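The structure appears right after this line, and notes come after that.
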Amino acid sequence: MMRLLATPDPFLGSEVPLTETPEVSLLDQKTRRVVVDHLPVHSEGEAGVFGIAEYEFPRGGSFLLHLVIHADDGESLAEDFPITVQANVAGFFRFWVNLAVAILILGLTAMQLWKVRVRGGELAQMVRPAAVGLVLLVVVVLAMDRVVLGWVLDLRKPPAVAPAEETVTTNEDGSYTIPATIQKELGLKLVDAKEMLLGQTVTAYGIVESRPDLTAIVQAPLWGRLEWAEKPLAVGDRVKKGQQLVQVVLELNALERGLMEQKDVDLKGAKKRAEDRRNAARFEYDRIQALRANNPVYEADEAWAKQLFDQATADYDEIVKQDTSYQAVMKWRDPRRTPVASPMDGVLTTVDFVPGELNVTDEYRNLFTIVDLNAVWVRAQVVLADVTKLKDGDSVRVYPATSGSKPVLGRIRWIGDTIDPANRTAPVLVDVANEGHVFALGSFARLEFVQPRTVLAVPEEAVVDEGTSRWVYVARQEGTFAPVKVEMGLKQGGWWQVTAGLVDGDQVIAKGAALLGSMPHLEEAMLELAPSASVPEASTYMHEGPTPQQH
């Protein structure tokens, strides 16, 4: 196991062996259930090489070795390596052969004892056959297990084949010729250089503003005294659409109130006189009706009395109607209360009056400013060289002023066409959803405009960075890899743009490239690899330093 350094060491190169012993557990490959919590791992004596010795697996099958490596900075790296545990065929063969021999001897001994018993033999006569059978059982089983079965199993072993001596060759042009077996031992992995979309990031800073379509200014509709409709409100309070905020109270002065009261007295006097006339007409009409019932001569008088009664009743009803209307007017005007309601859901950002204050003019005046903070604008100034790369509708990552906050996705709403002559910048307006109200009005925000473009790129691990120069190892022919100097551009998502040195389709070494770059004489290093300490098929790397943030 090797540790891949973020910055190559001038003496050790880009990789150093891992010295901390990893924690290893055994998992079932299908269910990922823990079979063994802890396996006895020890160092093999060589830095970065670890082994598990004298351990018997509980059963055969497919498993995962779950390795947990703890870094010095407190972070941990976990990797799973698949393994297959085969059943011990030789052990099963020994067991069943020994069991069959033991059953045979015990069966023969039992037959001898049965014959003695049938002939009427006593217990003393059965001791000798039993002892002979027991001795034969021990001797035969030991002989079979220690000698015969070992010889038979040795005959079934395939003849040992001497491994072919394969080495890494350094060619005159500086390239390496690496056999396939050694490539597998080193864990080399080839990747094609290919064209892909990488984003170029433009960073700017802006100020959070309210959206005009989500802002409302509440005004007083007429003059009068201002009072809270319900509870007092302050900046920052949330209000609902239709909620009554204040009341405009209109009270009459003494002169107006006196005139209204005098008119009320006049109406009540007229109502009393009309009621008296109606009652008198009613009395007269009833009297004439009684006379008419006894003498038809009063028929004309009855008609005249009814006409007077109907006229008196109509006059009374009209005065009652006027009095009722006037009472309603007095109740409405003294005092007159006009409620002012919120036109939308939102948060109060300004309160522009003092409760009890008298609005002495009939002009409209501002009472509140209400803003819906669920969506805001961020107005930024972007330099002219970068603003030409932007267009309406582009996605933007917007970071709140609070440190550690996650970015919020926004979109460009408008790009100004007027350039600031002093700073050579243009205004850009970005629409941002403000869930959780993480963007406060007037606060600063950082904006990242990502501009993807198609470039030739290789994995970052394929590049050997020596500080002043960068190299990749390109596959020229079967097993031959040549170092090629390259020029690099931007990084993103584990890929690195290649601006010069490669073409689309070139195969480069990705995993293991740093190993070649840190070993000037690779063939000498391979000679030090003992057959019993072969390099694992898949190496584990731990990066030092923080992982680059993806843009």
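Just so you know, the sequence shown maps onto residues 1 to 551 in my numbering. Cβ atoms here follow ideal geometry from the backbone N, Cα and C, with glycine treated the same way. Just so it is clear, the structure is predicted and the values come from calculations on it, not from any experiment.
Does the distance from the CB of residue 427 to the CB of residue 365 come in under 8 Å?
-> Here residue 427 refers to the residue found at position 427 of the sequence shown. Here residue 365 refers to the residue found at position 365 of the sequence shown. Not in contact: residue 427 and residue 365 (Cβ atoms no closer than 8 Å).
Within 10 angstroms of the Cβ of residue 2, are there 16 or more other Cβ atoms? Answer buried if so, exposed if not.
-> For the purposes of this step, residue 2 is taken as the residue at position 2 of the sequence shown. With 16 or more other Cβ atoms within 10 Å, it is buried.
Out of 393, 19, 26 and 24, which has the shortest C-alpha to C-alpha gap to residue 48?
-> Within the sequence shown, residue 48 is the residue found at index 48, counting from 1. Of the candidates 393, 19, 26 and 24, the one whose C-alpha sits nearest the C-alpha of residue 48 is 19.
Would you identify the three-state DSSP class for residue 20, choosing helix, strand or coil?
-> Here the question's residue 20 lines up with position 20 in the sequence shown. Coil.
When you compare each of 268, 184, 424 and 395 to residue 414 by their alpha carbons, which one comes out closest?
-> Within the sequence shown, the letter at position 414 stands for residue 414. When each option's Cα is compared against that of residue 414, the closest is 395.
What do you get for residue 485, buried or exposed, if any count of 16 or more other CB atoms within 10 angstroms of its CB means buried?
-> Along the sequence shown, one-based indexing puts residue 485 at 485. With fewer than 16 other Cβ atoms from the protein chains shown falling within 10 Å of its own Cβ, residue 485 counts as exposed.
Runs of beta strand (DSSP E) wholly within the segment 443 to 506 (minimum 3 residues, chain order) = Correct list: 444 to 459, 470 to 477, 480 to 485, 487 to 492 and 495 to 500.
Just how far apart, CA to CA, sit residue 181 and residue 511?
-> As a working note, residue 181 is residue 181 in the sequence shown. As a working note, residue 511 is residue 511 in the sequence shown. Going from the Cα of residue 181 to the Cα of residue 511 covers about 16 Å.
Given a threshold of 16 other Cβ atoms within 10 Å of its Cβ, counted over all protein chains shown, does residue 210 qualify as buried or as exposed?
-> Against the sequence shown, residue 210 aligns to sequence position 210. By the 10 Å Cβ count, residue 210 comes out buried.
Do the segment 308 to 322 and the segment 221 to 235 meet, that is, are 3 or more Cβ pairs less than 8 Å apart?
-> Result no; under three Cβ-Cβ pairs closer than 8 Å.
Where does the unbroken alpha helix (DSSP H) through residue 243 begin, and where does it stop?
-> One-based indexing of the sequence shown puts residue 243 at position 243. Counting along the chain, residue 243 falls outside any alpha helix (DSSP H), and DSSP gives it neither H nor E.
For residue 395: DSSP bridge partner residues | Against the sequence shown, residue 395 aligns to sequence position 395. Paired residues: 411.
Would you kindly check if the distance between the Cβ of residue 197 and the Cβ of residue 411 is under 8 Å?
-> Within the sequence shown, residue 411 is the residue found at index 411, counting from 1. Within the sequence shown, residue 197 is the residue found at index 197, counting from 1. No, Cβ-Cβ distance for residue 411 and residue 197 is not below 8 Å.
Have a look at residue 275 and residue 316 and give me their C-alpha separation to the nearest angstrom.
-> In the sequence shown, counting from the first residue as 1, residue 275 sits at position 275. In the sequence shown, counting from the first residue as 1, residue 316 sits at position 316. Each residue's alpha carbon lies about 6 Å from the other.
Inter-residue Cα distance where the pair is residue 528 and residue 32 = Along the sequence shown, one-based indexing puts residue 528 at 528. Along the sequence shown, one-based indexing puts residue 32 at 32. In this prediction, residue 528 scores a pLDDT of 46, lower than 50, which makes its location untrustworthy; the coordinate-derived value is nonetheless stated afterwards. Here the alpha carbons of residue 32 and residue 528 stand approximately 37 Å from one another.
Quick one: what's residue 170 bridged to in DSSP?
-> By 1-based counting over the sequence shown, the position of residue 170 is 170. According to DSSP, residue 170 shares a beta bridge with 176.
Can the beta-carbon of residue 52 be found less than 8 Å from the beta-carbon of residue 35?
-> Residue mapping note: residue 52 aligns to position 52 of the sequence shown, counting from 1. Residue mapping note: residue 35 aligns to position 35 of the sequence shown, counting from 1. Cβ distance not < 8 Å, so residue 52 and residue 35 don't count as in contact.
To the nearest angstrom, report how far apart residue 83 and residue 30 are at their CA atoms.
-> Working through the sequence shown from its first residue, we reach residue 83 at position 83. Working through the sequence shown from its first residue, we reach residue 30 at position 30. Taking the straight line joining both Cα atoms gives about 12 Å.
Beta bridge counterpart(s) of residue 196 as assigned by DSSP | Here residue 196 refers to the residue found at position 196 of the sequence shown. 455.
From this set, 482, 130 and 250, which residue's C-alpha is nearest residue 112's C-alpha?
-> Position 112 of the sequence shown, counted from the start, is the residue given in the question as residue 112. Ranking the options by Cα distance to residue 112, first place goes to 130.
Which value, in whole angstroms, describes the spacing of the CA atoms of residue 208 and residue 429?
-> Translated into the one-based positions of the sequence shown, residue 208 becomes position 208. Translated into the one-based positions of the sequence shown, residue 429 becomes position 429. Approximately 10 Å, taken between the alpha carbons.
Using 10 angstroms around the beta-carbon of residue 409, count the other beta-carbons present and answer buried if the total reaches 16, otherwise exposed.
-> In the sequence shown, the residue the question calls residue 409 occupies position 409. Burial call: exposed.
Could you check how far apart the C-beta atoms of residue 339 and residue 243 are, in whole angstroms? I think they sit under 8 Å.
-> Counting from 1 along the sequence shown, the entry for residue 339 is found at position 339. Counting from 1 along the sequence shown, the entry for residue 243 is found at position 243. That pair is no contact at about 10 Å.
Cβ-based neighbour list, residue 417, same chain, cut-off 8 Å, excluding 5 preceding and 5 following | For the purposes of this step, residue 417 is identified with residue 417 of the sequence shown, where counting begins at 1. In chain order, 426 place their CB closer than 8 Å to the CB of residue 417, counting only its own chain and leaving out the 5 sequence neighbours on each side.
First and last residue of the beta strand (DSSP E) that includes residue 381?
-> For the purposes of this step, residue 381 is taken as residue 381 along the sequence shown, with counting starting at 1. First-last of the beta strand (DSSP E) with residue 381: 375 to 383.
Go ahead and pull the three-state DSSP assignment for residue 404.
-> Indexing the sequence shown from 1 puts residue 404 at position 404. Under the three-state reduction of DSSP, residue 404 is assigned to coil, being neither helix nor strand.
In the structure shown, what three-state DSSP assignment does residue 302 receive?
-> In the sequence shown, the residue the question calls residue 302 occupies position 302. Helix.
Bridge partners of residue 427, per DSSP?
-> In the sequence shown, the residue the question calls residue 427 occupies position 427. Note: residue 427 is bridge-paired with 381 in the DSSP secondary-structure output.
Are residue 228 and residue 355 closer than 8 Å when you measure CB to CB?
-> As a first step, residue 228 must be located in the sequence shown, where it is residue number 228. As a first step, residue 355 must be located in the sequence shown, where it is residue number 355. Result yes, Cβ atoms of residue 228 and residue 355 sit closer than 8 Å.
Let me know if residue 368 comes out buried or exposed under the rule of 16 or more other beta-carbons within 10 Å of its beta-carbon.
-> In the sequence shown, residue 368 corresponds to position 368, counting from 1. Burial call: buried.
Can you list, in chain order, the residues of its chain whose CB lies under 8 Å from that of residue 495, leaving out five sequence neighbours each side?
-> Within the sequence shown, the letter at position 495 stands for residue 495. If we look at residue 495 and ignore the five residues flanking it on each side, its Cβ neighbours are 196, 198, 457, 458, 459 and 460.
Count the other CB atoms, across all protein chains shown, that sit within 10 Å of the CB of residue 377; report buried if there are 16 or more and exposed otherwise.
-> Taking the first residue of the sequence shown as position 1, residue 377 is located at position 377. By the 10 Å Cβ count, residue 377 comes out buried.
Exposed or buried, residue 17, counting other C-beta atoms within 10 Å across all chains shown (16 or more means buried)?
-> Your numbering for residue 17 matches position 17 in the sequence shown. Label assigned to residue 17: exposed.
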